[in-house]
Amino acid sequence: MDYSTYPRNNILCIDMRSFYASVEAVKLGLDPMTTMLAVVGDPNRSGSIVLAASPALKKKHGISNVSRYFELPNDPEIHIVKAHMADYINVSMNITRLLNKYAPLEAIHQYSVDEVWVTVNGLEKLFGTPLEIANMIKEDILDNFGITCSIGIGDNKFLAKVVMDLHAKKVGIAECRYEDVQDKLWPFPIEDIWGIGNRMKRNLNRMGIVTLGQIARYDLKSLKKRFGVMGEQLYWHSWGIDLSPVIGNFTQSEQKSFGHGITLLRDYSANEIGTVILDLCEEACRRARESKVAGRTIHLSIGYAREIGGGFSRSITVDYTNVTIDMYKECMNLFHKFYDGHSNIRRVSVSITNLMSVDSIQLNLFEDTAKKNDIGNVMDQIRSKYGSTAILRASSYTDAGITIDRSKKIGGHYA
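When you line the sequence shown up against UniProt numbering, it's residues 1 to 415, in that order.
Laid out in structure tokens, this is it:
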């Protein structure tokens, strides 16, 4: 592969080790790397998920971030801590402010609450080589927050991310340039590579592809024919090539849909589920109105209780709307049409897609659309000024309502 025509940047991918668990350990005055600590979404529920396990807990008991509370061993040395999402977001924001000392904000791409890319092009005279900058940042984060991080360095975001996952998490800091791809990345199994999920792994395995190097040696046309654009991306990534932007407004993108979903804390009956659907439609339409768009395709997804399994996912196309009650009625029509009639429900999601600006939509003269829009806009204004629970529908106050409980959470967990 001739890399001479491809851009070379100095990208750092920084990952906070067991971030939630590390924040909680520091709050308790403990060493995040040696303390056995588990962050649990809701310790009052035995089935609650373990959101984070400290490195020591992972090593000794094999606990991962998909384990459940009841799976934690009865070990008195394990600290069980309830999740505090607001604290994690606050620490993440402060880490970003620290990174801003090294690079401008437009060169910082926050990938998640605990992972970030930083472009350090042209900073050699100020701070030294990319490796020296990585060491400075690593020490700075540890000194200021007590948190250990892993850092990958690469010519682009993909290389920085993958070398961080495969090598830096073992040694602290690792670097991979174009010329290192064959030695440092090709031997690894495809499931270890960022961006390749279980479904893609199975498809590739059926083609005899087990390692990243085998993707690189595979015929590009065949990959494109089998997987489309995704196949082409797999091929170029296998050679370490990634042309995604490294400077700019990384969060600016066109909204394709507005939706919300929830995993319920208990089994819901058919008689109760309408309240949940109404609350979810309220939030989806509020966000659509806020963006001054309406949608034409309404989608409802229902998941049944674990012992039953299954569910359904259906959509319907209607006139453009962002009115809560309109979306709710269509969702209920879908529910009554496809619900099996007896299964308990544990998962619900709704969305509105096929969006268009409200300024471009011709009003339906046979309905009082303006009046319904005015009601929604007034409710939005009240919530914006006085809080999300300042005005609610009566059904939200019933046992089946979810809005009040959701208002106390960040990312699905209590703040």
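All residues carry an ideal CB built from backbone N, CA and C; glycine is no exception.
query = How many Å lie between residue 273 and residue 331 at the Cα?
reply = The straight-line gap from Cα to Cα measures roughly 11 Å.
ask   = Are the region 342-358 and the region 309-326 in contact at 8 Å, needing three or more beta carbon pairs?
value = These segments touch.
request  = Indicate whether residue 38 and residue 89 have their beta-carbon atoms separated by less than 8 Å.
outcome  = Not closer than 8 Å, so no.
inquiry  = When you compare the CB positions of residue 116 and residue 209, do they come within less than 8 Å of one another, or not?
reply    = Their beta carbons are not under 8 Å apart, which means residue 116 does not touch residue 209 by this criterion.
request  = Say whether the region 183-196 touches the region 156-169, bearing in mind that this needs 3 or more beta-carbon pairs closer than 8 Å, one atom from each stretch.
outcome  = They touch, by the three-pair rule.
message = Out of 347, 109 and 311, which one is the CA nearest neighbour of residue 337?
response = Ranking the options by Cα distance to residue 337, first place goes to 311.
ask   = Within 10 angstroms of its Cβ, does residue 282 collect 16 or more other Cβ (buried), or is it exposed?
value = By the neighbour-count rule (16 or more Cβ atoms within 10 Å), residue 282 is buried.
ask   = Given a threshold of 16 other Cβ atoms within 10 Å of its Cβ, counted over all protein chains shown, does residue 289 qualify as buried or as exposed?
value = Per the 10 Å Cβ criterion, buried.
task = In angstroms with no decimal places, state the Cα-to-Cα distance between residue 339 and residue 49.
result = One Cα belongs to residue 339, the other to residue 49, and the distance between them is close to 28 Å.
ask   = According to DSSP, which residues form a beta bridge with residue 80?
value = Residue 80 pairs with 38.
inquiry  = In the DSSP assignment, the beta strand (DSSP E) including residue 51 goes from what residue to what residue?
reply    = In the DSSP annotation of this structure, the continuous segment of the beta strand (DSSP E) that includes residue 51 starts and ends at 50-53.
query = Are there 16 or more other CB atoms within 10 angstroms of the CB of residue 158, so buried, or fewer, so exposed?
reply = Buried is the call here.
inquiry  = Please report the distance separating the alpha-carbon of residue 150 from that of residue 168.
reply    = Whole-angstrom Cα-Cα distance: 6 Å.
Unbroken alpha helix (DSSP H) run spanning residue 107, endpoints = It is not in any alpha helix (DSSP H) - residue 107 carries neither H nor E in the DSSP assignment.
ask   = Can you give the Cα-Cα distance for residue 97 and residue 305, rounded to whole angstroms?
value = The C-alpha of residue 97 lies about 43 Å from the C-alpha of residue 305.
query = Of all the alpha helix (DSSP H) runs that stay within the bounds of the region 269-297, which reach a length of 4 or more residues?
reply = For the region 269-297, whole alpha helix (DSSP H) runs of length 4 or above, ordered along the chain, are 270-290.
inquiry  = Starting from residue 311, trace the beta strand (DSSP E) in both directions and tell me its first and last residue.
reply    = That run of the beta strand (DSSP E) goes 311-321.
inquiry  = Please report the distance separating the alpha-carbon of residue 35 from that of residue 12.
reply    = Going by C-alpha positions, residue 35 is about 28 Å away from residue 12.
key: Assigned exposure category for residue 52 - 16 Cβ within 10 Å defines buried   = By the neighbour-count rule (16 or more Cβ atoms within 10 Å), residue 52 is buried.
message = So, under 8 Å CB-CB, residue 54 and residue 25 are touching, yes? Tell me the CB distance rounded to an integer number of Å.
response = Contact between residue 54 and residue 25 holds: CB atoms are separated by about 6 Å, below the 8 Å threshold.
task = Please work out which residues of its chain come closer than 7 Å, Cβ to Cβ, to residue 127, disregarding the five sequence neighbours upstream and downstream, and give them in chain order.
result = If we look at residue 127 and ignore the five residues flanking it on each side, its Cβ neighbours are 102, 133 and 136.
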